[in-house]
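So that you can map any letter, position 284 of the sequence shown is 332 in the numbering used here, and since no number is skipped, the others follow by simple counting.
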Amino acid sequence: MLDGLRREFPEVITFARALPHPRVARASPFWSVMAAFGAGFFASGIVTILVSLLFRLTTRETPLPAPFELAGLAGTAAALAVAWVGGGRTTVAGYLGVLALERLLGLPGQLRFCGEFGGFAVLGGQLCSVGGYLIALWPQLLGVAVAIALARWLRTGPGDRNPTLEAAGIYALVQTLGGTFLNLILGPATVGSPVWPISFLLLAIAGGAAVGYTVVRRATRKPRTLGIVVLVIAAEFALLSLPLLVSQLAQARGTNLIGPVELLAYFSPVFAIGAATIVLYMAAVRRIDTMAR
Numbered sequence: 049m050l051d052g053l054r055r056e057f058p059e060v061i062t063f064a065r066a067l068p069h070p071r072v073a074r075a076s077p078f079w080s081v082m083a084a085f086g087a088g089f090f091a092s093g094i095v096t097i098l099v100s101l102l103f104r105l106t107t108r109e110t111p112l113p114a115p116f117e118l119a120g121l122a123g124t125a126a127a128l129a130v131a132w133v134g135g136g137r138t139t140v141a142g143y144l145g146v147l148a149l150e151r152l153l154g155l156p157g158q159l160r161f162c163g164e165f166g167g168f169a170v171l172g173g174q175l176c177s178v179g180g181y182l183i184a185l186w187p188q189l190l191g192v193a194v195a196i197a198l199a200r201w202l203r204t205g206p207g208d209r210n211p212t213l214e215a216a217g218i219y220a221l222v223q224t225l226g227g228t229f230l231n232l233i234l235g236p237a238t239v240g241s242p243v244w245p246i247s248f249l250l251l252a253i254a255g256g257a258a259v260g261y262t263v264v265r266r267a268t269r270k271p272r273t274l275g276i277v278v279l280v281i282a283a284e285f286a287l288l289s290l291p292l293l294v295s296q297l298a299q300a301r302g303t304n305l306i307g308p309v310e311l312l313a314y315f316s317p318v319f320a321i322g323a324a325t326i327v328l329y330m331a332a333v334r335r336i337d338t339m340a341r
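Have a look at this one:
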């Protein structure tokens, strides 16, 4: 099969071979796991943006995977490949362990959902049966297969850190596990209640502060490292979340479904970026003050 592809598309094969091999430094197990989550963050974010924009330009006559499914595939493949190259089996096991913990913590919420809506085929039919649950995991399972090929493309780089991936991974982990814990503790959101929006906002600030701290501790070119992470966060917000907010505001006009607190929660990525920037700024001021003494 590969020989046939080489004969049919020699230019593509030549181009693929000419591409530079991304390099991943080998780090401690903790930071290697963070780098894996960071790779998944970048891959899933970029794929989500591109596929969502592409779907807006095309008709949906042909059934296609949803953007979040393709993003899950890309994120899983990138994360596992980076985990293998950056830390080997220990890092892969750590990454999969965190995913398993996330699934375990989300189980009560899913059982609650199935108890309320499982009888409705459209709402619960795909997720409230063992078969449906396993089928919904196809992006992750296919991502494992893609990761095997992707790991062969990556190379081990110099040094003992991957600051950009690590900072993005910290942010992704805080958002993912934090959201799962909130869902476990608070339960479903209640219309008009400020608890969920405020908690979501505080979670975003915590994630941004964690990014800033990671950049200060691990990065050499700190503004550049933070800028790359911020670029993806801001792009997802501006291209995906903001248009959705505008449409929801238009639909909720004259109602109290979206109040000031809910509106602030929609802008949580902005608060996350602000928190990361403040942490980096404070570290720079402290460093200058220390040098002046």
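Virtual Cβ for every residue (Gly too), placed ideally from N, Cα, C.
Nearest-angstrom Cα distance between residue i and residue j?
i, j, result
"Ser289", "Leu101", "12 angstroms"
"Cys176", "Ala148", "18 angstroms"
"Leu297", "Pro291", "10 angstroms"
"Ala340", "Thr325", "23 angstroms"
"Gly136", "Gly142", "10 angstroms"
"Val99", "Thr338", "47 angstroms"
"Pro242", "Tyr314", "13 angstroms"
"Ile306", "Pro70", "44 angstroms"
"Leu118", "Glu284", "15 angstroms"
"Ile336", "Ile97", "39 angstroms"
"Gly167", "Ala216", "Here the model assigns Gly167 a pLDDT of 48, short of 50, so the residue's position is not dependable and the matter cannot be decided."
"Leu312", "Tyr219", "19 angstroms"
"Gly163", "Pro77", "39 angstroms"
"Gln158", "Ala122", "24 angstroms"
"Leu202", "Ile94", "19 angstroms"
"Phe161", "Ile183", "18 angstroms"
"Leu287", "Trp186", "27 angstroms"
"Leu279", "Trp79", "22 angstroms"
"Val294", "Asp208", "44 angstroms"
"Gly179", "Gln299", "36 angstroms"
"Val333", "Tyr181", "50 angstroms"
Counting only the same chain and skipping the five closest in sequence on each side, list residues whose C-beta sits under 6 angstroms from that of residue i.
i, result
"Ala126", "Ala87, Gly88, Ala91"
"Leu213", "Ala83, Gly86, Ala87"
"Pro211", "Arg266, Ala267, Thr273"
"Ala331", "Val264"
"Gly191", "Leu121, Thr124, Ala125"
"Ala169", "With a pLDDT of only 48 at Ala169, under 50, the local geometry of the prediction cannot be trusted, and the value read off the model is given with reservation. Nothing meets the Cβ criterion."
Residues in the same chain with beta-carbon distance under 7 angstroms from residue i, minus the five sequence neighbours each way, listed in chain order, please.
i, result
"Ile281", "Pro317, Ala320, Ile321"
"Glu150", "Thr224, Leu225, Thr228"
"Ile246", "Val309"
"Gly205", "Arg71, Val72, Ala73"
"Leu328", "Gly260, Val263, Val264, Lys270, Leu274"
"Leu153", "Thr228, Phe229, Leu232"
In the DSSP assignment, the beta strand (DSSP E) including residue i goes from what residue to what residue?
i, result
"Ala184", "Counting along the chain, Ala184 falls outside any beta strand (DSSP E), and DSSP gives it neither H nor E."
"Ala73", "71 to 73"
"Ala205", "The question names Ala, but residue 205 is Gly in the sequence shown. Its beta strand (DSSP E) spans residues 203 to 205."
For my contact list, residue i and residue j are in at a C-beta cut-off of 8 angstroms; report their separation, rounded to the angstrom.
i, j, result
"Val263", "Lys270", "5 angstroms"
"Gly134", "Ala193", "Wrong, their Cβ atoms sit about 20 angstroms apart, outside the cutoff."
"Ala75", "Val130", "About 11 angstroms; that fails the 8 angstroms criterion."
"Thr139", "Val81", "6 angstroms"
"Leu103", "Pro115", "The identity of residue 103 in the sequence shown is Phe, whereas the question assumes Leu. About 7 angstroms; that satisfies the 8 angstroms criterion."
"Gly120", "Gln188", "6 angstroms"
Which first and last residues belong to the alpha helix (DSSP H) in which residue i is found?
i, result
"Thr228", "211 to 234"
"Thr338", "316 to 340"
"Gly260", "243 to 266"
"Gly307", "It is not in any alpha helix (DSSP H) - Gly307 carries neither H nor E in the DSSP assignment."
"Arg272", "270 to 284"
"Leu288", "Taken as a continuous stretch (DSSP letters only), Leu288 belongs to no alpha helix (DSSP H), as it is neither H nor E."
Closer than 8 angstroms by C-beta to residue i: which residues in its own chain qualify, once you throw out the five before and the five after it? Chain order, please.
i, result
"Pro156", "Leu232"
"Val222", "Leu251, Ala254, Gly255, Ala258"
Does the contact criterion of 3 or more C-beta pairs under 8 angstroms hold for the region 250 to 258 versus the region 197 to 214?
In this structure the region 250 to 258 does not lie against the region 197 to 214, because fewer than three pairs of beta carbons, one per stretch, are closer than 8 angstroms.
Three CB pairs or more closer than 8 angstroms across the region 254 to 261 and the region 309 to 321
Yes, the region 254 to 261 touches the region 309 to 321.
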